[in-house]
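Notes follow the structure.
Protein chains: 4
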Amino acid sequence: MEIIKHSGRQDLKETARVEAFSDGVFCVAITLLAIEIGVEVNSNETNGGLWHSLLTLWPKYLAYFISFINVLLAWIGHHSLFKQLRNTDNFVMAANGLLLMLVALVPFPTKTLGLYLHGGAFKAAVIFYTAYFVLISMAFRLLWYAASHNRSLLINSITEKQIKQITRNENLGLVFNTVITLVALINPIAGLSLSFVMWIYWMT
Amino acid sequence: MEIIKHSGRQDLKETARVEAFSDGVFCVAITLLAIEIGVEVNSNETNGGLWHSLLTLWPKYLAYFISFINVLLAWIGHHSLFKQLRNTDNFVMAANGLLLMLVALVPFPTKTLGLYLHGGAFKAAVIFYTAYFVLISMAFRLLWYAASHNRSLLINSITEKQIKQITRNENLGLVFNTVITLVALINPIAGLSLSFVMWIYWMT
Amino acid sequence: MEIIKHSGRQDLKETARVEAFSDGVFCVAITLLAIEIGVEVNSNETNGGLWHSLLTLWPKYLAYFISFINVLLAWIGHHSLFKQLRNTDNFVMAANGLLLMLVALVPFPTKTLGLYLHGGAFKAAVIFYTAYFVLISMAFRLLWYAASHNRSLLINSITEKQIKQITRNENLGLVFNTVITLVALINPIAGLSLSFVMWIYWMT
Amino acid sequence: MEIIKHSGRQDLKETARVEAFSDGVFCVAITLLAIEIGVEVNSNETNGGLWHSLLTLWPKYLAYFISFINVLLAWIGHHSLFKQLRNTDNFVMAANGLLLMLVALVPFPTKTLGLYLHGGAFKAAVIFYTAYFVLISMAFRLLWYAASHNRSLLINSITEKQIKQITRNENLGLVFNTVITLVALINPIAGLSLSFVMWIYWMT
Chain F
25 MEIIKHSGRQ
35 DLKETARVEA
45 FSDGVFCVAI
55 TLLAIEIGVE
65 VNSNETNGGL
75 WHSLLTLWPK
85 YLAYFISFIN
95 VLLAWIGHHS
105 LFKQLRNTDN
115 FVMAANGLLL
125 MLVALVPFPT
135 KTLGLYLHGG
145 AFKAAVIFYT
155 AYFVLISMAF
165 RLLWYAASHN
175 RSLLINSITE
185 KQIKQITRNE
195 NLGLVFNTVI
205 TLVALINPIA
215 GLSLSFVMWI
225 YWMT
Chain V
25 MEIIKHSGRQ
35 DLKETARVEA
45 FSDGVFCVAI
55 TLLAIEIGVE
65 VNSNETNGGL
75 WHSLLTLWPK
85 YLAYFISFIN
95 VLLAWIGHHS
105 LFKQLRNTDN
115 FVMAANGLLL
125 MLVALVPFPT
135 KTLGLYLHGG
145 AFKAAVIFYT
155 AYFVLISMAF
165 RLLWYAASHN
175 RSLLINSITE
185 KQIKQITRNE
195 NLGLVFNTVI
205 TLVALINPIA
215 GLSLSFVMWI
225 YWMT
Chain X
25 MEIIKHSGRQ
35 DLKETARVEA
45 FSDGVFCVAI
55 TLLAIEIGVE
65 VNSNETNGGL
75 WHSLLTLWPK
85 YLAYFISFIN
95 VLLAWIGHHS
105 LFKQLRNTDN
115 FVMAANGLLL
125 MLVALVPFPT
135 KTLGLYLHGG
145 AFKAAVIFYT
155 AYFVLISMAF
165 RLLWYAASHN
175 RSLLINSITE
185 KQIKQITRNE
195 NLGLVFNTVI
205 TLVALINPIA
215 GLSLSFVMWI
225 YWMT
Chain L
25 MEIIKHSGRQ
35 DLKETARVEA
45 FSDGVFCVAI
55 TLLAIEIGVE
65 VNSNETNGGL
75 WHSLLTLWPK
85 YLAYFISFIN
95 VLLAWIGHHS
105 LFKQLRNTDN
115 FVMAANGLLL
125 MLVALVPFPT
135 KTLGLYLHGG
145 AFKAAVIFYT
155 AYFVLISMAF
165 RLLWYAASHN
175 RSLLINSITE
185 KQIKQITRNE
195 NLGLVFNTVI
205 TLVALINPIA
215 GLSLSFVMWI
225 YWMT
């Protein structure tokens, strides 16, 4: 009995530490999104010149805005998913590691989007960006598969209905991001606009 | 009864994780303020030349100093606000997300201020910087609106008087930062100096 | 009795804070791996040109991938090791500090590998990278020596068999990384490929 | 009674959150020390050329090594100091903020030391670096003054003897760092070497 309780506590700690580490990666990644934005050094700049420089950075602001919300929603999704877990195995750890690897790299497609949002390579930049979030959805789907196919990893109080609900949500996320990318292949602005619709869907 | 206790604990964990994530963003953002400061690489530098280079970086030191205190005060304010919450909803999460998005980007106006504090674009740099903190005050005000308009999100022990007190504080922060920006429109040095007065007000 | 319980709690807190700090270093280091990857700024880029630029970054993606997994495995290993500790002394703190110093610097060999993986200095880059992880294995081995040679630092429930098991694991990690480096001296591609084999060994 | 217990718990949480935030700043700052180290991009590099480049980075490795240990020792010192606190006031918060502001900026003197350790501005770089740690010692001394002059902020179990012991330690740290800087004014190498002696003193 004592052993069971002890082992129970160990398990709790186990999940807690994985969650804390994942939170840390989300947190550093989301804050690092900001460091790519910067005005050019030009010490002879006039007031008007600086305002102009700040305004022409709009593609970077937009890229920052979109990525910040995407990573924040991914963090909330990660949180909801881990609330259903009471233990992890190597498969969950590997799937979670893959997800974190993609999340930590979000500053890269963000920078690419910010640099090329206004220029000749606009379409390629948007497709690259939206396709990157298809990969993230796939990693989420894999993580949930790893967690849910082994019933002993889930908390006791979860119902079959709740499991199906989460499976449906993860599938939906993957479908949504794929549709956004397909739309971006035809019309990049329509693809990005669709992201906003998806956010409102998740939030309400 | 068991369910209530369990649900109570879940709620606690919920708020705790949002607070921890927010703390992490504040913490990484405040530390990233420092990475923009650097001397030019000049391997033939003499001792006197290096001292001269280090001294001419004073606008960056000043910008770092101002931003560090501003972010630290924002963190303390965020802390005080969340101490009154026992649960979050989507509106609070969105308002908090908006606030974090602005906090994570503070290194950008800081860098702008440090680059142009001593030059022809001085006025534009100060107005941009002070106006940025008007935005942050607005996000704080929105967060408190989201938290306080739904009484069930607040802790039980909070009194109507305390709620009004915090509302007044958040309004005051917004008014103060707006006044600083308006003063900076006329005289940038006076605007920045007013910030110091505000800090002493908050601290005592 | 009261004192023992109190001291027990203090000890717990002590180890917890060292673990939390170590986790933080692992977490920031693993996220910083990503910030070196970036496309060249070229505002006249065409869609085709951007795709080409993104494809030619493959050595950086590969270096990121390898390092992310290596740091993640190191974090898991650090976790397993600290689960056996109930207290620390100055020797453990120093050995852990040395390990963290090496982990925090992993972005440096990673960047080197990414820059020279495809070029004339390929062999030197791979040897430098693999030799760096021999150093990390040595730091792990030292940390375990520091922890295990003083039985009072370990948790009560650990058995002699478990201690030997961990010692064997740490030795094995050191031998593996040394073999990889020796193979890389002859054939760098074979050396890197061997890393993948090692990952599958650790994971299963 | 309930109120006292509740308030006691709140206080505990208060200190815990300040400690966690401070730990975060230490943790990010210590990891950011590493990002300044990098080889020059030169895609035509030969194996021999890369080894040569890696070797000529020795001043950066040395600067990284020295700063990592200094920040780690500062973290341990911060930890010991906060273990004696059960509550904070505005003065402690301000003194702690000042200390964190200096700690977060350590990558700057570190980079300066790494760039000029081997060159004509060697002396200026070492004096700047060592004088920076005099500032950090002063911030520690101020923090301990803020904490100890108000007995109600300290934990109940602390003795007058322990308070004097910590006061003596903080004074000693300040004296040590001042002596190192004074020695560096005459002979920079002797000044840096003295740091190593101080580390061994702290560790044993």
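Residue numbers (the numbering used here), protein chains in the order written: chain F, 25 to 228; chain V, 25 to 228; chain X, 25 to 228; chain L, 25 to 228.
Just so you know, even glycine gets a beta-carbon here, dropped at the ideal spot from N, CA and C.
Everything numeric in this text was worked out from a predicted model, so none of it was measured.
Threshold first: 4 residues or longer. Then list the alpha helix (DSSP H) segments lying entirely within the region 135-218 of chain X, N to C.
146-172 and 184-210
Specify, as a first and last residue, the run of the alpha helix (DSSP H) that Lys107 of chain V falls within.
Segment: none, Lys107 of chain V is in no alpha helix (DSSP H) and carries neither H nor E.
Give, in chain order, every residue of the region 126-150 of chain X whose Cβ lies closer than 7 Å to some Cβ of chain L.
Against chain L - using a Cβ distance shorter than 7 Å - the residues of the region 126-150 of chain X are Ala128, Leu129, Pro131, Phe132, Lys135, Thr136, Leu139, Tyr140, Gly143, Gly144, Ala145, Lys147, Ala148 and Ala149.
Can you find a C-beta in chain X that's less than 8 Å from the C-beta of Gly197 of chain L?
It does not: the Cβ of Gly197 of chain L has no partner Cβ on chain X nearer than 8 Å.
In terms of residues, what are the limits of the alpha helix (DSSP H) holding Ser81 of chain F?
In the sequence on display, residue 81 of chain F carries Leu and not Ser. Looking at the DSSP string, Leu81 of chain F is not in any alpha helix (DSSP H), and its letter there is neither H nor E.
Which residues of the region 160-173 of chain V have a Cβ closer than 9 Å to any Cβ of chain L? Give them in chain order.
Listed in sequence order: no entries.
Span of the alpha helix (DSSP H), counted from its first residue to its last, around Gly121 of chain X
For Gly121 of chain X, the enclosing alpha helix (DSSP H) covers residues Asn114 to Ala128.
To be precise: take each residue of the region 49-60 of chain X, compare its Cβ to all Cβ atoms of chain L, and keep it if any distance is under 7 Å. Which residues remain?
Val49, Val52, Ala53 and Leu56
State the CB to CB distance for the pair Ala128 of chain X and Leu167 of chain X, rounded to an integer number of angstroms; the pair is presumed to be in contact (CB under 8 Å).
The Cβ separation is near 15 Å, so there is no contact.
Go ahead and label Trp82 of chain F buried or exposed: buried means 16 or more other beta carbons lie within 10 angstroms of its beta carbon, across all protein chains shown.
exposed
Go ahead and pull the three-state DSSP assignment for Gly62 of chain V.
coil
Reducing DSSP to helix, strand and coil, say where Thr55 of chain X ends up.
helix
How many whole angstroms separate the CB atoms of Ile179 of chain V and Gln108 of chain V, which I take to be in contact at a CB cut-off of 8 Å?
Contact flag correct, Cβ pair sits at about 6 Å.
Which residues of the region 63-91 of chain F have a Cβ closer than 8 Å to any Cβ of chain V? Give them in chain order.
Val63, Val65, Ser67, Asn68, Glu69, Thr70, Asn71, Gly72, Gly73, Leu74, Trp75, Leu78, Tyr88 and Phe89
Pop quiz: Ile182 of chain V and Phe132 of chain L are said to be a contact at Cβ under 8 Å. What is the actual Cβ separation, rounded to whole angstroms?
Contact doesn't hold; Cβ gap of about 43 Å is too wide.
In chain order, what residues of the same chain lie with their CB nearer than 8 Å to the CB of Val207 of chain X, ignoring the 5 residues before and after it?
Closer than 8 Å at the Cβ level, and outside the excluded window around Val207 of chain X, lie Ala214, Gly215 and Leu218.
Contact set between His102 of chain F and chain V, taken where Cβ atoms lie within less than 9 Å
The premise fails here: His102 of chain F is roughly 11 Å from chain V at the closest Cβ pair, so nothing lies under 9 Å.
Neighbour-count burial assignment, Ser31 of chain V, 16 or more Cβ in a 10 Å radius:
For Ser31 of chain V, the predicted model reports a pLDDT of 37, less than 50, meaning its position is unreliable; a value from the coordinates is still stated below. Under this definition Ser31 of chain V is an exposed residue.
Would you mind telling me which residues of chain V sit closer than 7 Å to Leu96 of chain F, beta carbon to beta carbon, in chain order?
Gly121
Evaluate Phe45 of chain F with the Cβ neighbour count: other Cβ atoms within 10 Å of its Cβ, from every protein chain shown; 16 or more gives buried, anything less gives exposed.
buried
Rounded straight-line distance, which links the Cα of Thr55 of chain L to that of Ala53 of chain X:
Going by C-alpha positions, Ala53 of chain X is about 6 Å away from Thr55 of chain L.
Go ahead and label Thr112 of chain X buried or exposed: buried means 16 or more other beta carbons lie within 10 angstroms of its beta carbon, across all protein chains shown.
buried
Pair within 8 Å by beta-carbon distance, Lys87 of chain X and Glu69 of chain L:
Contrary to the premise, residue 87 of chain X reads as Ala rather than Lys in this sequence. In this structure, Ala87 of chain X sits away from Glu69 of chain L, with a CB-CB distance that is not shorter than 8 Å.
Mapping DSSP to helix, strand and coil, what is Glu69 of chain L?
In this structure, Glu69 of chain L counts as coil in the three-state DSSP scheme.
Give every residue of the same chain whose Cβ lies closer than 7 Å to the Cβ of Met162 of chain F, excluding the five residues on either side of it in the sequence, and list them in chain order.
Only Leu198 meet the Cβ criterion.
Distance check for Ala58 of chain L and Ala41 of chain V, CA to CA, integer angstroms please.
Sequence inspection shows Arg at residue 41 of chain V; the Ala mentioned does not correspond to that position. The alpha-carbon atoms of Arg41 of chain V and Ala58 of chain L are separated by roughly 29 Å.
Taking the C-alpha atoms as reference points, what is the distance between Ile210 of chain V and His173 of chain V?
37 Å
Is it buried or exposed, Thr80 of chain L, if we count other Cβ atoms within 10 angstroms and call 16 or more buried?
exposed
Please confirm if Ala44 of chain L has its CB atom under 8 Å from at least one CB of chain V.
Chain V, which has a Cβ nearer than 8 Å to the Cβ of Ala44 of chain L, makes this yes.
Spatial neighbours of Leu124 of chain F within its chain, please: CB distance less than 7 Å, with the 5 preceding and 5 following residues excluded, ordered by chain position.
Within the same chain, Leu124 of chain F has close Cβ partners Ser46 and Val49.
Taking the Cβ atom as the reference point for each residue, do Trp226 of chain X and Leu96 of chain X lie within a distance shorter than 8 Å?
no
Buried or exposed: where does Asn114 of chain X fall if 16 or more other Cβ atoms within 10 Å of its Cβ makes it buried?
exposed
Does any residue of chain V have a CB that is nearer than 8 Å to the CB of Asn211 of chain L?
no
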